[in-house]
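Presented below is the structure to which this report refers.
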Amino acid sequence: MRSKMCFLTLLLIISVLLFAAKKPDWVENNGFSQKHPDNLYIVGFGLATGNDLAERKLGAEQYAKTDLSSRFLTKIQSELLTTESETNLDYDSQIKSTITSQTNLTLIGLKTEFYEDKKITYALAILKIVPALKNYQNHLNGLSKEINGYLANADKLEKSGDLKTALSLYRKTFPLFIELGETQAILNLLRGKDPFKELESVYQQSSISQSEVESRIQKLIRGDLRSISSASISLSEQLSEQISDRKISLLVFPFTFQETDFCSEFSAYFLDDITRELTGKFTVLSDNAPGANKAAQLTGNYRLDGGKCRIQAVITDPKSGKKMAAAAVVLDKSIIKNSGVALVPRNFEQAMEDGKIFLSKDVISGKLSVEAWTNKGNRNIIFKEGDESTLLVRVNKPCYLQVLYHLADGMRILMYNNLYIDVSKVNMVYSLPDTFYVAPPFGVERWQIFANTERFPEVLVKTQIIDGEKYEDVLAEDIEKFTMATRGMKKKKPEIQMAEKTITLTTMRR
35 MRSKMCFLTL LLIISVLLFA AKKPDWVENN GFSQKHPDNL YIVGFGLATG NDLAERKLGA
95 EQYAKTDLSS RFLTKIQSEL LTTESETNLD YDSQIKSTIT SQTNLTLIGL KTEFYEDKKI
155 TYALAILKIV PALKNYQNHL NGLSKEINGY LANADKLEKS GDLKTALSLY RKTFPLFIEL
215 GETQAILNLL RGKDPFKELE SVYQQSSISQ SEVESRIQKL IRGDLRSISS ASISLSEQLS
275 EQISDRKISL LVFPFTFQET DFCSEFSAYF LDDITRELTG KFTVLSDNAP GANKAAQLTG
335 NYRLDGGKCR IQAVITDPKS GKKMAAAAVV LDKSIIKNSG VALVPRNFEQ AMEDGKIFLS
395 KDVISGKLSV EAWTNKGNRN IIFKEGDEST LLVRVNKPCY LQVLYHLADG MRILMYNNLY
455 IDVSKVNMVY SLPDTFYVAP PFGVERWQIF ANTERFPEVL VKTQIIDGEK YEDVLAEDIE
515 KFTMATRGMK KKKPEIQMAE KTITLTTMRR
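For the sequence shown, my numbering gives the first residue as 35, with consecutive numbering after it.
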C-alpha cells in the first residue's frame, strides 16, 4: 500500500513539474531565443493547431523547416536583386534560376524542439552553424563523388554501345548537379559570403559539365523537340524514369522566369501541359487537396539564351528538401513565339525594380511575426482573369495590419490601414474581410503586408482614373520612401514590434 502511495505521489510531482514547465522564450518571440544567438544558429519557427497531436506535431515541424529554408531563400533572392552578377557562365545562371524556383532547400543536421499549449504545437527547427559547415562540406564532397561515378560508368556504357543504360545514368546526375550548386550556396551563406561564390570551382570537380551531359543526352535521344507539348512529354518521361514509386503524390507549381519568382503566359500554358502528362504517371494533387502539404513538389524554371529556351524541372521531397528527380529540355524560342504565348512576364522591368525595395537587406525581423498566403499559396502563383483571390494571414501577437496591393501598371492601392488582429485571432489563420476578383491590368503584382504592435499613421492617398476606371485609395507617396519610412518607425521607437511580408503573384488573361 505504501509503495502504491509513493508511486502516486511521484506521478503527482511529475505532473506538477510538467504543468509548471516554463514556456520557452522562442514560443513568445517568433523563434528568437537567448539560447540560440544568430551568430551561432539559424532557426525556423512553426506552429500547428488541431485535435490530433501527431498531426499537429508533424505540421509544426514542417512549417518550422520551411521557415528555416525560406531564410536562406530570402537571402539568395535579395542577393540576386540587389547585386550585379559577376559572370554569365551557363552553370552559374542555371543554379541561380533553379534555387530561386525552389520552395524547400536540402536541410542537413537539423534538430527540432517542441512545445504544447492549448491544442497548439510550436516547433523550432535548429541548425547549429559550426557543425553544419562540416556536414554540408561532407555532403558536397559526397555529391561530387557520386556524380563522377555515374558519369564514368555512363561514358563507358556509351562507348560500349549500351546507350539505354548510359542515358539512364546520365539522367541520374541531374538532381545531383542541382543539389551540388544548392549545397555550395548554403555553405557560402553559413560562412557569411555571397551565396554564388565558388560555384565555378565546385562544378569543375565534375569530369563532365552539366551542359555537356545535356548535350550527350540530346545526342543519344537523336531528335530535336519541335513543340511545347513534346517538351512536356520529354520532361515527364525523364522525371518518372528517376522515381520508381509511382504512388507518390505530386504538387505541381508554375514554372518561373530565369532568376526571378515571376510567372508568365508561358508559365500558365506549360503548367497545364506538363500537369496533363504527369497525371498518367503520378497522383497529381490540386493546391487545396487533402495531403497537399505532404506531397512531393515539382518546381521549375525556364531561361532564354539567344534563340533557345531551356526548361528545367525538379521534384523535391518537402520534408528533407532532397532532390528526388530533375530533368531539362531545350526548345527553339521561335516555337514558343509562334504559339502566341508570351515568354517574358509583363511589366518585368518595373517588377525587378520594385523587388529591390521589398527584398532589401533592411527587411524587418523581430519578435512579432506575420505569415501570409493567398488562396493559391505564397510562392509561384498565377491568377487568371475572373479568379477569386483572398489573402490569409497569421500573427503571433495582437497587432495592426497595413496592407498594400501593387498593380502591374505601377499603382499602389492601400487595401487596409490599421486592421486590428485581436487576441482571439492570434496564432490562427485569418482571412482578410474582402474577396478580390482578378481584372486588368495584368502582369507581376504583389501584396505587401506590414504588422505593428502600435497603430500606423494615416497614409496619404488619392483617387485616380485610368482608362475610365476609378481607383480610390491610391498611394500618393513614392513606394520606396513609403516603405523606408514605415520600416523607420521601428528605429525611431525601438519598443515598437514590427514585421513585414511580401507575396509575389502573376495575373493574366484567361
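Heads up, the beta-carbon is just placed ideally off N, CA and C, and yes, glycines get one too.
Computed from a prediction, not measured in an experiment: that's the story for all the values here.
Item to complete: Go to E293, then tell me how far its beta strand (DSSP E) extends in each direction, as first and last residue.
Response: Taking the sequence shown and counting its residues from 1, one reaches residue 293 at position 259. Note, E293: premise wrong, no beta strand (DSSP E); not H, not E.
Worksheet item: When the Cα atoms are used, what is the spatial distance from L201 to A188?
Response: Here the question's residue 201 lines up with position 167 in the sequence shown. Here the question's residue 188 lines up with position 154 in the sequence shown. Roughly 7 Å between the two C-alpha positions.
Worksheet item: From what residue to what residue does the beta strand (DSSP E) around M542 run?
Response: Translated into the one-based positions of the sequence shown, residue 542 becomes position 508. Start and end: 532–542.
Practice prompt. Helix, strand or coil for E147, going by three-state DSSP, please let me know.
Written response: Within the sequence shown, numbered from 1, the residue matching residue 147 stands at position 113. DSSP places E147 in strand when its eight states are reduced to three.
Item to complete: With a 10 Å radius around its C-beta and 16 neighbouring C-beta atoms as the bar for buried, classify A519 as buried or exposed.
Response: Position 485 of the sequence shown, counting from 1, holds the residue named residue 519. It counts as exposed.
Worksheet item: So, do the region 89–104 and the region 151–161 have three or more beta carbon pairs nearer to each other than 8 Å?
Response: yes
Worksheet entry | Nearest neighbour of I242, chosen from N222, T217, E232, F211 [CA to CA] | Sequence index remark: in the sequence shown, residue 242 carries index 208 (1-based). Answer by Cα proximity: F211.
Worksheet item: Where does N122 land, buried or exposed, given buried means 16+ other C-beta within 10 angstroms?
Response: As a first step, residue 122 must be located in the sequence shown, where it is residue number 88. Note on N122: pLDDT 49, under 50, position unreliable in the model; the coordinate value appears next. Answer is exposed; the Cβ neighbour count stays below 16.
Fill in: Span of the alpha helix (DSSP H) around I212
On the sequence shown, position 178 is the one that residue 212 refers to. Note, I212: alpha helix (DSSP H), 197–224.
Worksheet item: Can you tell me whether DSSP reads H440 as helix, strand or coil?
Response: Taking the sequence shown and counting its residues from 1, one reaches residue 440 at position 406. Strand at H440.
Item to complete: Please name the residue, chosen from Q346, N430, I415, F304, that lies closest to G374 on a Cα-to-Cα basis.
Response: Here the question's residue 374 lines up with position 340 in the sequence shown. The shortest Cα separation from G374 among Q346, N430, I415, F304 belongs to F304.
Practice prompt. Quick one: give me the first and last residue of the alpha helix (DSSP H) that V286 is part of.
Written response: Within the sequence shown, the letter at position 252 stands for residue 286. It is not in any alpha helix (DSSP H) - V286 instead sits in the beta strand (DSSP E) that spans 283–286.
Worksheet item: Residues in its own chain within less than 7 Å of P432 by CB, not counting five upstream and five downstream?
Response: Reading the sequence shown from its first residue, position 398 is the one you call residue 432. Excluding sequence neighbours, P432 sits near I455, D456, V457, V460.
Worksheet item: Which residues mark the beginning and the end of the alpha helix (DSSP H) in which I447 is found?
Response: The count along the sequence shown starts at 1 and reaches residue 447 at position 413. That residue, I447, is in no alpha helix (DSSP H); its beta strand (DSSP E) goes 446–455.
Practice prompt. Could you check which residue in A362, N138, F148 has the C-alpha nearest to that of T207?
Written response: On the sequence shown, residue 207 is found 173 positions in, with the first residue counted as 1. Per the Cα distances, A362.
Practice prompt. For the region 292–310 and the region 337–349, state whether three or more C-beta atom pairs, one from each stretch, are separated by less than 8 Å.
Written response: yes
Practice prompt. Determine the extent of the alpha helix (DSSP H) in which Q331 is found, giving its start and end residues.
Written response: Residue 331 sits at position 297 when you count from the first residue of the sequence shown. Q331 -> not in any alpha helix (DSSP H); beta strand (DSSP E) instead, spanning 330–339.
Worksheet entry | N414: first and last residue of the uninterrupted beta strand (DSSP E) it sits in | By 1-based counting over the sequence shown, the position of residue 414 is 380. That residue, N414, is in no beta strand (DSSP E); it is neither H nor E in DSSP.
Worksheet entry | Extent of the continuous alpha helix (DSSP H) run through T137 | Position 103 of the sequence shown, counted from the start, is the residue given in the question as residue 137. Here T137 belongs to no alpha helix (DSSP H), and DSSP marks it neither H nor E.
Discussion item. Could you check whether V429 and S403 sit closer than 8 Å to each other, using their CB atoms as the reference points?
Written reply: As a position in the sequence shown, residue 403 is number 369, starting the count at 1. As a position in the sequence shown, residue 429 is number 395, starting the count at 1. Contact flag set, yes.
Worksheet item: Which one or two residues does DSSP pair with I345 in a beta bridge?
Response: Your numbering for residue 345 matches position 311 in the sequence shown. Note: I345 is bridge-paired with Y336, V363 in the DSSP secondary-structure output.
Fill in: Euclidean distance between Cα positions of Y439 and I447
One-based indexing of the sequence shown puts residue 439 at position 405. One-based indexing of the sequence shown puts residue 447 at position 413. Going from the Cα of Y439 to the Cα of I447 covers about 5 Å.
Worksheet item: Closest to L494 by CA distance: which of A376, D512, A485 is it?
Response: The residue labelled residue 494 in the question sits at position 460 within the sequence shown. Checked all of A376, D512, A485; the closest Cα to L494 is D512.
Worksheet item: Which word fits L435, buried or exposed, when buried means at least 16 other C-beta atoms lie within 10 angstroms of its C-beta?
Response: For this step, residue 435 is matched to residue 401 along the sequence shown. L435 should be labelled buried.
Worksheet item: What are the boundary residues of the beta strand (DSSP E) that N486 is part of?
Response: Counting from 1 along the sequence shown, the entry for residue 486 is found at position 452. Element bounds for N486: 477–486.
Discussion item. I'd like to know if the region 309–325 and the region 99–118 are in contact, where contact means that at least 3 CB-CB pairs between them fall below 8 Å.
Written reply: Counting C-beta pairs closer than 8 Å gives fewer than three between the region 309–325 and the region 99–118, which falls short of the contact rule.
Fill in: V286 to K56 span [Cα, whole Å]
Looking up residue 286 in the sequence shown gives position 252. Looking up residue 56 in the sequence shown gives position 22. Cα to Cα, V286 sits roughly 42 Å from K56.
Worksheet item: CB-CB under 8 Å to L426, same chain, minus the five flanking residues each way: which ones, in chain order?
Response: The count along the sequence shown starts at 1 and reaches residue 426 at position 392. If we look at L426 and ignore the five residues flanking it on each side, its Cβ neighbours are A406, W407, T408, N409, V463, Y464, S465, L466.
Worksheet entry | Contained beta strand (DSSP E) runs [length at least 3] in the region 495–524, N- to C-terminal order | 495–500, 503–509
Worksheet item: In three-state DSSP terms, what is L305?
Response: Counting from one through the sequence shown, the residue named residue 305 turns up at place 271. Helix.
Worksheet item: If L185 and E213 are in contact, beta carbons under 8 Å, what's the gap, nearest whole angstrom?
Response: As a position in the sequence shown, residue 185 is number 151, starting the count at 1. As a position in the sequence shown, residue 213 is number 179, starting the count at 1. Not confirmed; about 15 Å, so no contact.
Fill in: Distance, T294 Cα to Q384 Cα
Numbered from its first residue, the sequence shown carries residue 384 at position 350. Numbered from its first residue, the sequence shown carries residue 294 at position 260. One C-alpha to the other measures close to 13 Å.
Worksheet entry | Where V236 falls: helix, strand or coil (DSSP) | Within the sequence shown, the letter at position 202 stands for residue 236. Looking at V236 - three-state DSSP - the assignment turns out to be helix.
Worksheet item: Taking the beta strand (DSSP E) that R428 falls in, what are its first and last residues?
Response: Reading the sequence shown from its first residue, position 394 is the one you call residue 428. First-last of the beta strand (DSSP E) with R428: 425–429.
Worksheet item: Could you give the residue range of the alpha helix (DSSP H) that holds F392?
Response: Position 358 of the sequence shown, counted from the first residue, corresponds to residue 392. Unbroken alpha helix (DSSP H) run through F392: 382–392.
Worksheet item: Helix, strand or coil: how does DSSP classify A376 here?
Response: On the sequence shown, position 342 is the one that residue 376 refers to. Note: A376 maps to coil in three-state DSSP.
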